[in-house]
Ligand SMILES: NC(=O)c1ccc[n+]([C@@H]2O[C@H](COP(=O)([O-])OP(=O)(O)OC[C@H]3O[C@@H](n4cnc5c(N)ncnc54)[C@H](OP(=O)(O)O)[C@@H]3O)[C@@H](O)[C@H]2O)c1
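Numbering (the numbering used here), first residue to last: 6 to 333.
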């Protein structure tokens, strides 16, 4: 299959190229950047020297000749590409927020008008596999909602309240420098932000509801001085007490057949560079603490996007994305 990456100069785009190099059924033939069109891809991704000789090109939906396109562009940009590519029969995995929520919720949460809405499956394969298999376009989930939903899902229907507290690495903000990501502000520091109003909360609520939960849902993120990774602590307040043995059994049963979800003490290093989500739970009766760790650029973005591509294209779901994490 020929693959295009729209937004290949960014972090998620670079990660797609790194991972797809090992995918023998998919070859990246088009990598776009408007600012860097004509320059070698390795000029911004030096770690990929020897793995690609592509030059960046301008994104042109009329001429891109591929089977699959990944949209690794900001929200509002993706909606200008997705429909046009789909109408040409090109399968699309959109890593932005543009198709993750119903139109009216998206417009309210993001404060913009959606100019080309059509419903598509939400791409957490562990929950939406059946819809993804038949899709021509998939909305790859937000990085926080991926780790949060995977942490809480097994107990979602037993809970009246779920509180997500997440710590994220700085690459989650993309490669555009800002005061927030400026080293003296990030290094040797931990900063909470959007204490009650982060946009990803809408996706978390959507996923809990999809899983049949009536639980109230809250979310507070923190920026921590690491490049990659999201550690999410989910405080799951149950309707009835469950002891440790029962809770562990529920998690083991729930994820028994899920290759990318591992039951073990989570740490960012153990999942770094990999598509795994490590989860562990501890019960104290009516409160269960579930903690998950993912790499925001892999299971939280590009790895999960390839997982979705595999499903959409009839390829083994794990193909090309089986990597161990990088510890230490
Ligand atoms: N970083 C993460 O951990 C993460 C996790 C999950 C999801 N995501 C989502 O994935 C997307 C990409 O994230 P990122 O962190 O890789 O961002 P990034 O580092 O800022 O890169 C953005 C890319 O999009 C291109 N771009 C920007 N505006 C464009 C437009 N109007 N048309 C075409 N290309 C455009 C940029 O290149 P040019 O401007 O030169 O064209 C660049 O290649 C975002 O929607 C983000 O929310 C990111």
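We treat Cβ as the ideally placed atom computed from N, Cα and C, and that holds for glycine.
field: Backbone CA spacing between residue 12 and residue 36 [nearest angstrom]
entry: The residue you call residue 12 lines up with position 7 of the chain shown. The residue you call residue 36 lines up with position 31 of the chain shown. Distance between the alpha carbons of residue 12 and residue 36 is about 7 Å.
Start and end residues, alpha helix (DSSP H) containing residue 258: For the purposes of this step, residue 258 is taken as residue 253 along the chain shown, with counting starting at 1. That run of the alpha helix (DSSP H) goes 249-259.
One or two residues paired with residue 283 in a DSSP bridge: Your numbering for residue 283 matches position 278 in the chain shown. DSSP output for residue 283 lists 267, 298 as bridge partner(s).
query: Taking just the CA atoms, how far does residue 223 sit from residue 315?
result: Numbered from its first residue, the chain shown carries residue 315 at position 310. Numbered from its first residue, the chain shown carries residue 223 at position 218. Rounded to whole angstroms, residue 315 to residue 223 spans 32 Å at the Cα level.
- prompt: Under a three-way DSSP split, which group does residue 188 fall into?
  reply: Stepping through the chain shown from its first residue, residue 188 is reached at position 183. Helix at residue 188.
task: Can you have a look at residue 300 and say buried or exposed, based on whether 16 or more other CB atoms are within 10 angstroms of its CB?
output: If you number the chain shown from 1, residue 300 lands on position 295. Answer is buried; the Cβ neighbour count reaches 16.
field: Whole-angstrom distance between residue 296 and residue 152, CA atom to CA atom
entry: As a first step, residue 152 is located in the chain shown; it is residue number 147 there, counting from the start. As a first step, residue 296 is located in the chain shown; it is residue number 291 there, counting from the start. Approximately 9 Å between the Cα atoms of the pair.
- prompt: When the Cβ atoms of the stretch 108-121 are set against those of the stretch 136-151, are three or more pairs found closer than 8 Å?
  reply: The stretch 108-121 is not in contact with the stretch 136-151.
message: If I follow the unbroken beta strand (DSSP E) through residue 130, where does it start and stop?
response: Taking the first residue of the chain shown as position 1, residue 130 is located at position 125. Element bounds for residue 130: not the beta strand (DSSP E) but the alpha helix (DSSP H), 130-138.
Classification of residue 260 by the beta-carbon crowding that lies within 10 angstroms, buried from 16 upward: Start at 1 with the first residue of the chain shown, and residue 260 comes out as number 255. The residue in question, residue 260, is buried, as its Cβ has 16 or more Cβ neighbours within 10 Å.
task: Could you tell me if the beta carbon of residue 148 falls within a distance shorter than 7 Å of some heavy atom in ligand 1?
output: Start at 1 with the first residue of the chain shown, and residue 148 comes out as number 143. Yes - ligand 1 has a heavy atom lying nearer than 7 Å to the Cβ of residue 148.
task: Please list the segments of the beta strand (DSSP E) lying wholly inside the stretch 41-98, counting only runs of 3 or more residues, in order along the chain.
output: 73-76
query: Among all the DSSP beta bridges, which residues are the ones paired with residue 173?
result: For the purposes of this step, residue 173 is taken as residue 168 along the chain shown, with counting starting at 1. Residue 173 pairs with 228, 235.
- request: Name the residue from 104, 228, 302 whose alpha carbon lies nearest to the alpha carbon of residue 190.
  value: Counting from one through the chain shown, the residue named residue 190 turns up at place 185. Here the closest residue by C-alpha is 228.
field: Endpoints, alpha helix (DSSP H) assigned at residue 148
entry: Position 143 of the chain shown holds residue 148. From DSSP, the alpha helix (DSSP H) with residue 148 extends over 148-157.
field: Whether residue 9 touches residue 74 by CB criterion (8 Å)
entry: Position 4 of the chain shown holds residue 9. Position 69 of the chain shown holds residue 74. Result yes, Cβ atoms of residue 9 and residue 74 sit closer than 8 Å.
message: Going by C-alpha to C-alpha distance, which of 99, 242, 48 sits closest to residue 167?
response: Residue 167 sits at position 162 when you count from the first residue of the chain shown. Checked all of 99, 242, 48; the closest Cα to residue 167 is 242.
field: Outcome for residue 210 when other beta-carbon atoms lying within 10 angstroms are tallied against a minimum of 16
entry: For this step, residue 210 is matched to residue 205 along the chain shown. Residue 210 should be labelled buried.
- request: Mind checking who residue 288 pairs with in its DSSP beta bridge?
  value: Taking the first residue of the chain shown as 1, we reach residue 288 at position 283. 293, per the DSSP bridge assignment.
- request: For the beta strand (DSSP E) holding residue 327, just list the boundary residues, first then last.
  value: To locate residue 327, count along the chain shown from 1; it is residue 322. Bounds of any beta strand (DSSP E) do not take in residue 327, whose DSSP letter is neither H nor E.
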